[in-house]
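Undergrad: In the working numbering, the protein residues as written are 203 to 980.
Quick reminder that beta carbons are idealized off the backbone N, C-alpha and C, glycines included.
Note that the coordinates shown come from a computational prediction; the quantities given were computed from them, not determined experimentally.
Got a structure here, written out as structure tokens. Questions coming.
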């Protein structure tokens with residue numbers, strides 16, 4: 203019996219070879235009809251033929267789909283056989299929308315093995331041509347201008363296909379069938395070498411010459427898929443020091459790129475999970491343990507026992523290493539301090555001339571900058587430090603629907619999130635929105651997602667509770683533009699919501715929120731070491747670290763010795779603090795003893811000494827006490843360097859119950875007393891690594907003891923951890939062990955960054971949840 207079936211498929215089904223797959227499947231089964239892309243990033247399929255064959259076809263669509271695809275729904279409508287098709291074809295895309303749920307579009311994908319073989323095959327017409335891709339790989343999100351996904355709506359529209367490429371593009375036997383970003387040396391983008399003033403350097407092979415320049419110690423700017431990197435060799439100290447000096451990054455670690463797994467294992471010790479991540483199509487930077495002694499310059503990641511490493515993911519990278527004899531290249535984002543990475547050739551040349559010696563650039567536009575993703579294994583769990591290239595714009599499923607919301611993030615490590623019905627789309631990493639340039643990048647990114655997702659309306663815009671953030675002002679603009687409600691969301695409440703959705707939890711949980719700063723909901727103080735009890739709609743704060751003074755306010759975040767003095771002032775008094783700081787931390791005060799005296803006056807008279815419960819500030823104070831870091835040159839440096847030292851030591855078990863206090867209906871962990879006991883260990887001559895490990899143990903055990911106590915009192919059986927300190931492997935492992943020993947379930951982030959990169963989705967969820975108060979969650 204012959205029938206006709208119309209299929210509508212949603213999910214990640216554009217830009218990953220789905221139409222060619224359907225074409226081949228239909229021809230294999232002798233079915234006639236068509237397949238086309240829709241304007242909402244869905245796919246429409248119509249097939250005619252024997253019903254038994256169509257049944258097999260529908261089943262095979264899900265069972266045999268391309269590895270990179272993700273089918274969200276497949277709806278089938280049966281009708282009578284018409285017989286008006288001569289064959290099965292791929293039709294021109296339609297801008298019509300087949301689903302109200304919205305678009306799902308693909309991430310940028312690392313070069314596949316077949317394309318890599320082509321660029322090294324002397325018999326291939328793409329030999330030595332770096333900017334090739336096929337249906338299985340290449341740029342996607344970074345080059346998409348609008349949907350449906352077709353060449354004319356990507357940055358490849360500037361490069362019409364030559365006759366040879368057209369033949370491959372329409373040949374069902376090739377991997378280039380309907381490959382929208384395909385190219386060759388005849389019709390595709392070109393890679394060129396420029397001097398530091400932008401003068402074109404005419405050479406036969408730009409990449410080979412660029413590799414030689416790198417080997418000679420020069421600094422190069424190299425354009426890849428989602429942005430521009432700064433690159434130097436690592437076989438000598440001088441090029442790395444030169445780049446660090448020019449970039450004005452005194453200690454911030456650089457990421458490196460190595461040619462393959464065998465090479466990177468010469469200077470790192472990757473686990474099997476880390477090797478799997480490094481080789482995945484997402485190709486993130488993975489934070490790996492260094493081999494000791496290290497064969498790479500210490501200046502790559504000063505004071506750390508880890509290094510961020512990635513493998514090549516574009517043809518340019520592969521061809522560079524073909525001509526280089528280097529274990530690794532530094533590959534760090536090219537940008538001005540506190541600004542997004544550059545994506546435009548002209549702007550890069552005009553802004554980076556004082557940093558780089560040469561530019562290796564291609565002329566394919568990047569519509570959306572897309573920094574490298576960064577992953578770290580924390581408590582044996584894959585954890586995002588930065589979720590960007592390779593992962594964005596994959597969506598997070600939500601336990602509600604029919605609400606459209608925007609979250610604009612906090613101030614640092616900002617992303618934006620758009621919720622459309624039951625899906626949340628987190629943007630790529632944008633950066634620190636503390637200046638107009640980065641704010642404009644946030645605006646552009648948000649608008650791009652809105653244009654692709656095409657929500658019918660926005661119901662709510664959400665922002666941080668801090669009134670002075672630029673993101674808060676931007677949220678007000680958006681709420682006015684869409685004539686919708688504006689909901690400020692407390693920072694750690696956003697962490698709680700993000701973790702719940704990440705782990706698909708709808709019942710109340712206890713959250714250990716540990717980070718540097720979050721504007722307080724009830725007292726307008728600086729929060730950062732919190733025990734929250736909450737669900738997707740509300741939260742309470744039954745516990746926290748003991749509030750400590752920050753003498754000088756924000757300057758304490760840069761000079762950890764100030765937090766040390768403020769935290770011990772109540773324990774050892776003015777003279778005790780003065781002697782302590784003069785003995786162990788005098789280098790942490792630019793103006794020496796005079797500055798210490800001024801700070802003590804601030805503490806005595808309570809002048810410019812805001813209070814904080816920040817876990818980050820406690821770790822800063824420990825780092826200062828142990829003379830590990832006396833000045834913060836990048837976000838989180840004192841705590842990160844403390845972790846590196848602590849990894850070599852074993853904690854001395856302290857009496858944690860002595861640090862837990864109950865006051866006015868809240869439970870506190872007394873960090874002043876912990877610091878005092880750490881000082882006593884130091885004065886006894888205990889090794890720095892052991893004291894560092896003890897400090898981490900004390901805060902992890904203390905906070906988790908409080909959380910377990912609250913969980914048992916409330917009957918809640920899930921305890922989670924979130925916040926920037928949740929990147930500390932030892933602290934998270936200790937919390938996890940303590941929670942599970944209490945017969946409770948422990949959860950941590952898997953798909954959403956626990957740091958500030960996950961705040962925007964938590965904000966959007968908080969706002970959307972308030973609007974669904976009369977509806978049950980799934």
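1) With distances taken between CB atoms, is the gap from residue 307 to residue 243 smaller than 8 angstroms?
2) Within 10 Å of its beta-carbon, does residue 712 have 16 or more other beta-carbons around it, so buried, or fewer, so exposed?
3) Quick check on this structure: which residue in 628, 396, 956, 620 has the alpha carbon closest to the alpha carbon of residue 548?
4) Let's test the definition: count the other Cβ atoms within 10 Å of the Cβ of residue 442 and tell me whether it reaches 16, buried, or not, exposed.
5) If you draw a straight line from the C-alpha of residue 987 to the C-alpha of residue 585, how long is it?
6) To the nearest angstrom, report how far apart residue 274 and residue 214 are at their CA atoms.
7) Which value, in whole angstroms, describes the spacing of the CA atoms of residue 856 and residue 897?
8) The beta strand (DSSP E) with residue 588 in it runs from where to where?
9) Under the three-state reduction of DSSP, which class applies to residue 364: helix, strand or coil?
10) Indicate whether the contact test is met: 3 or more Cβ pairs, each with one atom in the segment 411-430 and one in the segment 490-505, closer than 8 angstroms.
11) What residue range does the beta strand (DSSP E) around residue 870 cover?
12) Residue 901: which of 816, 889, 665 sits nearest, CA to CA?
13) Have a look at residue 934 and residue 944 and give me their C-alpha separation to the nearest angstrom.
14) Taking only the alpha-carbon atoms, compute the straight-line gap between residue 302 and residue 451 and give it to the nearest angstrom.
15) So what's residue 302 in DSSP terms, helix, strand or just coil?
16) Do you know how far the Cα of residue 607 is from the Cα of residue 946?
17) In the DSSP output, what is residue 246 paired with across the bridge?
18) Does the beta-carbon of residue 746 have 16 or more other beta-carbons within 10 angstroms, so that it is buried, or is it exposed?
19) State the DSSP-derived secondary structure class of residue 801, mapped to helix, strand or coil.
20) Between which two residues does the alpha helix (DSSP H) containing residue 534 stretch?
21) So, does the segment 331-339 touch the segment 417-424, judging by three or more C-beta pairs under 8 angstroms?
22) Take residue 936 and list the residues in its own chain whose beta-carbon comes closer than 8 angstroms to its own, dropping the five residues that flank it on each side.
23) Tell me which residues share the same chain as residue 238 and place their Cβ nearer than 6 angstroms to its Cβ, disregarding the 5 neighbours each side in the sequence.
24) So residue 567 and residue 553 are supposed to be a Cβ contact under 8 angstroms. How far apart are they, rounded?
25) For the beta strand (DSSP E) that contains residue 744, what are its first and last residues?
26) Entirely within the segment 364-442 and at least 3 residues each: give me those beta strand (DSSP E) ranges in chain order.
27) Can you tell me which of the three DSSP states residue 504 falls into?
28) How close, in whole Å, do the beta carbons of residue 819 and residue 752 come, if the pair is a contact with beta carbons under 8 angstroms?
29) Please classify residue 285: is it buried, with 16 or more other beta-carbons within 10 angstroms of its beta-carbon, or exposed?
30) Below 8 angstroms between beta carbons: does that hold for residue 593 and residue 484?
31) With three or more beta-carbon pairs closer than 8 angstroms as the criterion, would you say the segment 762-769 touches the segment 798-813?
32) With respect to the alpha helix (DSSP H) encompassing residue 715, which residues constitute its N-terminal and C-terminal limits?
33) List the whole-angstrom C-beta distance separating residue 557 from residue 448, where the pair is believed to meet the contact cut-off of C-beta under 8 angstroms.
34) Less than 8 angstroms between the beta carbons of residue 844 and residue 786, yes or no?
35) What three-state label does DSSP hand residue 225 in the structure shown?
TA: Let me lay it out:
1) yes
2) buried
3) Checking every option, the nearest Cα to that of residue 548 belongs to 396.
4) buried
5) Shown here, the chain extends from 203 to 980; a query on residue 987 therefore has no answer.
6) 8 angstroms
7) For residue 856 and residue 897, the distance between alpha carbons rounds to 10 angstroms.
8) First-last of the beta strand (DSSP E) with residue 588: 583-588.
9) Three-state result, residue 364: coil.
10) no
11) 868-871
12) 816
13) 15 angstroms
14) In this prediction, residue 302 scores a pLDDT of 45, lower than 50, which makes its location untrustworthy; no coordinate-derived value is stated.
15) Caution applies to residue 302, whose pLDDT of 45 falls short of 50 and renders its modelled position unreliable; the value that the coordinates give is listed next. Here residue 302 sits in coil by DSSP.
16) 33 angstroms
17) Residue 246 is bridged to 210, 238.
18) buried
19) Shown here, residue 801 sits in a helix according to DSSP, grouped into three states.
20) Here residue 534 belongs to no alpha helix (DSSP H); instead the beta strand (DSSP E) covers 531-535.
21) no
22) 898, 899, 902, 903, 906
23) 246, 293, 295, 296
24) About 18 angstroms separates the two Cβ atoms, so there is no contact after all.
25) 741-747
26) 393-397, 422-425, 430-435
27) coil
28) The pair is a contact, with the Cβ atoms about 7 angstroms apart (cut-off 8 angstroms).
29) exposed
30) yes
31) yes
32) Run containing residue 715: none in the alpha helix (DSSP H); it sits in the beta strand (DSSP E), 711-721.
33) 4 angstroms
34) no
35) helix
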